[in-house]
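Enquirer: Residues in the sequence shown are numbered from 501 upward in steps of one, following the numbering used here.
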Amino acid sequence: MTTLKRTALLTSYCISIALVPGVEAAAAPPAAKQPRSRWVPAAKPLVWRTLNEPGCGGAMTALAVSPFNSRHLLVAGDMLGVGLSTDGGDHWQSTTGFKSWEIADFTWHPTDPKTVWVGTMSGPYLSRDGGRTWHEKRGGFPPAASGQYSAPIQKVLYDPADPNHLLAFGGSSRFWQSPGKPLWGAIWESRNGGENWSRLTTITPDGASSAPGAEGRNITCALYAPGAAGRKGVLYITASDAGFLTSADNGRTWSRRVRGLPPGAGYTRFALHPTVPGTLWLAVGSYKSTLDATQRTPGGIWKTSDGGLNWRESSQGLGRHVQGLNGNTTSHYDGVGVAPSDPRVLYTNDGAWSTGVNYRSGDGGVTWQPVASKTNLGSDSNDPSKRRVFQLKTAYPAGLSMATFTVDPKSANVAYAFNSEFISRTRDGGKTWDDATAYRAPKSGPDAWIGRGYSGLCSQNFRFSPTRPGDALLIGMDAGKLWRSQDNLQTWTFHGKEPWPWGGGNDAVYAGKAIYATYGQFGQYLGIGRTLDDGKTWTTLGGKVRGLPETNSSGGVPLGIYAHKDRPADVWTTIGGALYHSADAGETWGKTSLDGWKGWIAGDPNDPAHFYVTSDKGLYETVDSGASFVPLGGPKAAGRITLDTLGRVYVAAHRSERGGLWRREKGTWTRLLDDPFVANVAVDPANPSRLAVATNDDPYHDHSSASGVWLSADAGKTWRQANNGLAMTRGYAIAFDPWTPGRLVFGSFGRGYFVTQWPKNYVPSTTPKSYVATADDNRFASAIPPPAPAPAALRVGSLKNGDMSAGTQTPTDWRIAWTGRGKLSLVRDAQIYKAGPAALRLDTGGADAMGQAAQTIDAPAGTRLSLSGAVKSQGKVKVNVAIQSFTADWKALEFKQVKYAQNDSEWTSFTGDVALPPGAARAAVTLLVEGTGKAWLDEVKLTANGKPVNSASAAVPAAETQNPLVPSPGYWPEYPKGWRNLHEDFVAKARRDASKIKVVFLGDSITQSWDKALWQKHFAPAGAVNFGIGGDGVQQLQWRVDHGELDPLTPKLIVLMIGINNFWGKKGTSDEIAQGTAKLVKTLREKQPQSKILLLGILPAIESPTDGTRVRIKAINAQYAKIADGRSVRFLDIGNAFLEPDGRISKAVMGDYLHPTSAGYQRYLDALLPTFEEMRK
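#1: State buried or exposed for His832, treating a residue as buried only when at least 16 other CB atoms are found within 10 Å of its CB.
#2: Between Thr1680 and the rest of its own chain, which residues show a CB-CB distance below 8 Å, the 5 nearest in sequence each way excluded?
#3: Could you check where the alpha helix (DSSP H) with Met1675 kicks off and where it finishes?
#4: With C-beta atoms as the reference, is Ser627 less than 9 Å away from Thr633?
#5: Any chance the segment 1483 to 1493 sits against the segment 1508 to 1521, with 3 or more Cβ pairs inside 8 Å?
#6: Alpha carbon to alpha carbon, how far is Ala1152 from Gly1139? Give it in angstroms, no decimals.
#7: Measuring alpha carbon to alpha carbon, tell me which of Ser920, Arg940, Ala941, Thr906 ends up nearest Thr926.
#8: Do you know whose CA, among Leu1211, Ala1215, Arg1230, lies nearest Ala1222's CA?
#9: Name the one or two DSSP bridge partners that Ala722 has.
#10: Using DSSP bridges, identify the partner residues of Asp1007.
#11: If we ignore side chains and look at the alpha-carbon of each, how far apart do Lys1378 and Tyr1400 end up?
#12: The alpha helix (DSSP H) spanning Gly727 covers which residue range?
#13: Note down, in chain order, each residue of its chain lying with its Cβ closer than 6 Å to the Cβ of Gly976, except the 5 sequence neighbours on either side.
#14: Determine the burial state of Gln816: buried for a count of at least 16 other Cβ atoms within 10 Å of its Cβ, exposed for fewer.
#15: Could you work out which residue in Lys1117, Glu689, Gly929 is closest to His665 when comparing CA atoms only?
#16: If we count the other Cβ atoms within 10 Å of its Cβ and call it buried at 16 or more, is Asp971 buried or exposed?
#17: What does DSSP give as the partner residue(s) for Met560 in the beta ladder?
#18: Less than 8 Å between the CB atoms is what I'm expecting for Phe1236 and Leu1244, so what's the real figure, rounded?
#19: With Leu1079 as the anchor, note down where its beta strand (DSSP E) starts and where it stops.
#20: Which residue wins for smallest C-alpha separation from Leu791, given the options Asp1633, His1655, Leu1654?
#21: Using only alpha-carbon positions, find the residue among Pro763, Leu825, Arg759, Thr830 that is nearest to Asn810.
#22: Exposed or buried, which one is Arg844 when buried takes at least 16 other CB atoms within 10 Å?
#23: DSSP three-state call for Trp1314: helix, strand or coil?
#24: Since Leu781 and Gly862 are thought to touch, with beta carbons under 8 Å apart, how far apart are those beta carbons, to the nearest angstrom?
#25: If you draw a straight line from the C-alpha of Gly555 to the C-alpha of Ser1207, how long is it?
#26: Could you tell me the alpha carbon to alpha carbon distance between Gly1362 and Pro1418, rounded to whole angstroms?
#27: Roughly how many whole angstroms lie between the Cα atoms of Ser672 and Val1181?
#28: What are the start and end residues of each continuous beta strand (DSSP E) run of 3 or more residues lying completely inside the segment 1470 to 1529, in chain order?
#29: Label Arg952 either buried or exposed according to how many other C-beta atoms from any shown protein chain fall within 10 Å of its C-beta, with 16 as the threshold for buried.
#30: With Arg1585 as the anchor, note down where its alpha helix (DSSP H) starts and where it stops.
#31: Since Asp850 and Leu818 should fall inside the 8 Å C-beta cutoff, what is the C-beta to C-beta distance between them, to a whole number of angstroms?
#32: Quick check: the segment 1258 to 1278 against the segment 986 to 1004, are there 3 or more CB pairs under 8 Å?
#33: Using the three-state DSSP reduction, which class does Tyr1620 fall into: helix, strand or coil?
#34: Nearest-angstrom Cα distance between His572 and Ser747?
#35: Which residues does DSSP list as the beta-bridge partners of Asn988?
#36: State the Cα-Cα distance for the pair Ile737 and Leu1340, rounded to the nearest angstrom.
Next comes the structure, spelled out in structure tokens:
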């Protein structure tokens, strides 16, 4: 969020971002001064500088203009770090000092031009050199967390009456997500210039609370009032679910002020008049005017002149495009900027994806005029209001859906706006605009671009051509998908337009005149890009006709791809962990049966028949073009791989068991580095003793563990850090240029690409480190021949009580198997569990200890065991879930890790396969804990040779039907009587508690797994009962109702959600699902005529908004809506509550893009509760 503050003239406004699909990339007019494009080595060796690929390509969250110097700008992004410009945005420079790079809004010191604060998801940061270097300031904050963000900060403010008095506001205008429970809405206070902080209060939906456990709301914008009012402590904020609030006592108490604002509308940012107290403008998104509205109402700008006591719309001239209930394509307004030097001038943007337009007002927002759009945009690009304004051209394809505006404090004619891919800039009051992140290369053609230095790409790879000097490909997430340079990294052209420009890339390979590239991210298969004419034309490969997953489906992400330069038609790739092969340049493909989950591929440049594939079983090698593969052992990581000119193989084992860097030489594996965050490796083609590794750590916690780039000049014996000039130290891509000796490229994960020169014989002066491989490393990496399948006659025991349902103080059949030090206690925990009714907990009792809990079964050598379950940890502990094998006389053989967790971690599901070694007679399922803390294990399931071996009754019910119109009981193969037992428990509960039950929730696992704290607070007091069963489709729920589940009851309300399981295992056409649900509602009405029925729409599933599953859900929900009669049966679609602004689903809301997390159930509750309370009366 941008804030401009001055001592005499104070004005501020808040900013945010949303991902914005749009149109094809077009050119931008040249700026006044263009960045240097020709690659020139830095004067000092090993100093990184930006590669200057087109920017930004990542979502920006703030842009601030110094109130002291209009040429001095700062820009920030959601995971991009901070960029610095000293020439008004013509060039952007790197900044350093952050421990994580998820950035929010800036605040300049009122009198010191070098002092500036910024909020981040990891807390407040301070710079004392104008934003070039940054320092974390968390004194008084909670300790930095390893599994979540502990205390996100959106904005830091100076008290206008005392610059040593600061307030920090907990939130994220980007609506960035986090696991765990960050302190959203917390307001922090410092009395000593930010050195120490204390928590002042917490913003809640009703105002504020000082209670330590108050559930806060995300603060998206915060500003002091101008002039005397600000000096008296008047503040304004916006916060999710709370709306617009004001404080008159420096943030201690707060009052909501929403009179005149449209109910149900969302608003994130506002702007203040620089001198008139109480005058504000608020940007309002589109909204539903009534619960049953069939289309959304466009948003606009609202104004208040009395500090929010009364609001009125001020939107004359703004776009009013409507497209049904689609909030992304209906006119909405996310931000507004006011000119400090002339507050009659304001800027805003209609963010509708198909109609993005910049607007300017010259009369204080009374009227608005369109001033910019983008060419070829959407279905109404012939709209005269768009054709007559300036047509902005940019390197990236996103539409002109801007987050907000920052206006130069000294000139109303200079303004900046930004979105998920670029900055739009005007220097003449909106008459013309350009892209302040990239410009068109003057002499390299209409599609060639040069970046200005602030790239936000999340790198995935970088490939130099093995046959053409100066030819290279960069591959990144989103619209970083595939960019090519053919002029020695000077200019870049986009080659990822089909099937759509986003979706990301992972790898690419040159093979003669052919280039192949893999597209996809977040579980989606976006295809394989192919050119056979050196880039003149491109085709995207996918679909059953080719033997591939359907393009734009959840068919699995394609990773590595390989074709030899001398055999361009012979192509290999991995998709969703499977290895695919094409012998006809990609026209048709076949999937191999190679064991394990495959990741990356590297080939011998001198032998087309010889290449390697990494997998979670280790490394595979073929010397006969894939006719056969030999397992070579090595790290079980499916990591990235490269070969050197001596034929040695290097594998990066990223965040896996015995992670780090491994080398295979002359049949022997050696572990060269033990850093588990080593993500990729490159070898100097001119000197195989020179190695470079990149380290990477995902965001979503306070401090990154990635340590940047490490170099070795002695074949891996010693390593030195080489990060001078890097703006970010996490990244996946690292590559040596085979044509320019010593040139090295690093691709960061959020701040684009960097390039440096490593001179011959130059060794960095940083402190060296080394690693000496151990005997355990060697045993771990040794190649083990695939075990023969276990003979059918061999007996495998049964794992008992995997759901921990049996037992009192301790879970039955589990025991403490070994204690190495300290004292451990084994507990059946009925309060903390994954799915209920209890979990196994291993507790060190607050002191350092080491040991394991286990259950042992008989299992002979050769048995293939597959273990799944969920694990959670707390404290300073290391936790291993493993399978340990023993001989018949209890001699320990192998300890095979299945899942690793450490310190504070939430429930994490796992699955792992283990083949028992020769001599094995028994296997123990083990939870090993080391340190001080606790670990939990739950939902443990085991299969042997593909068959479940959890305890089960011999009585096996009949299998389910697959037709939603035919009632059928459920059946769980692992627990054959489990489903019927649960149904019978519900019937018994209905009989026992009939007089107490007033509300019944019916459904599947989404209903069954309701967040327990929310349920106890909101539904249990209403007499509600949860009759959800995981895995149920329409036919199972119909059977349950037919067989008496509700017969003893007379509830006032039945809340029904069903149907998603019929998309998969329960199968059914869309019409059958809708007809079956209509039949179910009819049955409920007949059996419970006194009850009202609230039929909920099927929730969105699958991360991407364009996935076919999403389309089908919308179609079925439209049929569900027709079942309602508006009286006894009502329909409510709450699906939009789970979507991000770009229509995607966040893992923080639905961890598997299907089942809500705790944060997701909070959204569920917020959307459901008003209708629930109304209908249950």
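Heads up, the beta-carbon is just placed ideally off N, CA and C, and yes, glycines get one too.
No experiment lies behind these values; they were computed from the predicted model shown.
Expert: According to the data block:
#1: buried
#2: There is simply no residue 1680 to check, as the chain begins at 501 and stops at 1677 in what is shown.
#3: 1658 to 1675
#4: yes
#5: no
#6: 5 Å
#7: Thr906
#8: Leu1211
#9: Ile737
#10: Thr1018
#11: 8 Å
#12: 727 to 731
#13: Leu957, Cys958, Ser959, Gln960
#14: exposed
#15: Glu689
#16: buried
#17: Gly577
#18: 6 Å
#19: 1078 to 1082
#20: Asp1633
#21: Arg759
#22: exposed
#23: coil
#24: Looking at the sequence provided, one finds Trp at residue 781 rather than Leu. Not confirmed; about 14 Å, so no contact.
#25: 24 Å
#26: 7 Å
#27: 35 Å
#28: 1499 to 1503, 1524 to 1528
#29: buried
#30: 1570 to 1587
#31: 6 Å
#32: no
#33: helix
#34: 32 Å
#35: Asn988 is not bridged to any residue.
#36: 45 Å
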